[in-house]
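Please read the structure below before turning to the comments.
Numbering (the numbering used here), first residue to last: 88 to 515.
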């Protein structure tokens, strides 16, 4: 933006006075001051006015008309290079030019505020969360204030710069905060106010993200089984499908969707869940089920993504349950029978061992006694007697008594106490 420095000078034409320039407060980029003298009493010739910056240099010259006693000296495109001390004089040209002494000097301060910078913590902000917008500026004129302004609407906030920046925090954003913002810096220099240009704009949007709900199946009547392809319920039995979601927003509703028929049922959310009861399962209930959570946030409706699919099959009768029960009973019966068989086999084995020990003891005693009675008999005859004793008839005679192992051991003890001949007669 082009600025101008304007100087206004007035003089008396009769006696060239020394122009005076009273001090004036510094301005942004545009200044006007005047040099006054007593009112003219005669006709003035042309006058040249010279404006100097500092003590030397080429002056800015402006010539008046013959009847003028003042002039405006203009400096265009003012910037910080024009800051400094200014003075002026006038000169009446002619064969003997007349020049006035220089006026008092005035100091002009050029206040140039750069464009502020603006930044934002997030471009997308979840409803109810916070967002920070920071304004900053690089200037020697610190200690001013920042103005944060929403481009659409009337939302404006002001914060003190400390020293050259400040952060505007929105602790719980709502949809009214959605939009674009810019910053402006304001300060005072020598009791005058100065404003910077506006910064670039930043914007953010307010979003609502609903989590994916959960879906589950329960069967209070016990008519459900878990097959390889998923849960199955018996036709005519009741079942319940429950939709739930993690706590995010209060209230809301759940939609239960049967994908095959596009059928939808709706329940109000209570404690972030809803239960859909089906009192009598039918084939029309077969298919894939899913849940969708819907809620209202600050007058706007939002829906969650669909839950995972829950497949459901309906069986005609409880064949699977009956079969499972029969198989379980048969398995138990088989286990009990096997246990009884093992116990009986163990008992018979023990009895046979006792009987074999008894027979072996009898045979040994017979052989020993025959050796003492007739030492001249051949060994072959003794072994024949032992073999005769081991014939099947003798074994059956001993085995006749099936009164238990205790009775067998009692007979053995009697054999050991009797005479050799008696032993042979009793058992052989």
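Virtual Cβ for every residue (Gly too), placed ideally from N, Cα, C.
- Take residue 170, set aside five residues on each side of it, and the residues of its chain with a beta-carbon closer than 7 Å to its own are 195, 196, 197, in chain order.
- Selection 238, 241, 232 evaluated against residue 251 yields 232 as nearest (Cα-Cα).
- Listed as beta-bridge partners of residue 342 by DSSP are 353, 379.
- As summarised for the region 136-197, the continuous beta strand (DSSP E) elements at least 3 residues long and confined to that stretch are 147-150, 157-163, 171-179, 193-195, given in chain order.
- For residue 213, the enclosing beta strand (DSSP E) begins and ends at 211-213.
- When C-alpha distances from residue 344 are compared across 145, 139, 373, the shortest belongs to 373.
- Listed in chain order, the non-local C-beta contacts of residue 260 below 6 Å within the same chain comprise 212, 218, 293, local neighbours out to five positions each way being set aside.
- Taking the Cα of residue 273 as reference, the smallest distance to any Cα among 247, 331, 323 is reached at 247.
- Under the three-state reduction of DSSP, residue 249 is assigned to coil, being neither helix nor strand.
- In this structure, residue 255 sits away from residue 264, with a CB-CB distance that is not shorter than 8 Å.
- For residue 320, the enclosing beta strand (DSSP E) starts and ends at 317-321.
- Residue environment: residue 176 is assigned as buried (16 or more neighbouring CB atoms within 10 Å of its CB, all protein chains considered).
- Boundaries of the beta strand (DSSP E) around residue 233: 232-237.
- Per the coordinates, the alpha-carbon of residue 184 lies some 48 Å from the alpha-carbon of residue 284.
- With respect to the 8 Å criterion, residue 300 and residue 394 are classified as neighbours on the basis of their beta carbons.
- In the pairwise beta carbon analysis, the region 328-347 is classified as touching the region 385-400: at least three pairs are separated by under 8 Å.
- Boundaries for residue 393: no beta strand (DSSP E) harbours it, and the DSSP string shows neither H nor E there.
- For residue 358, the secondary structure class from DSSP, reduced to helix, strand or coil, is coil.
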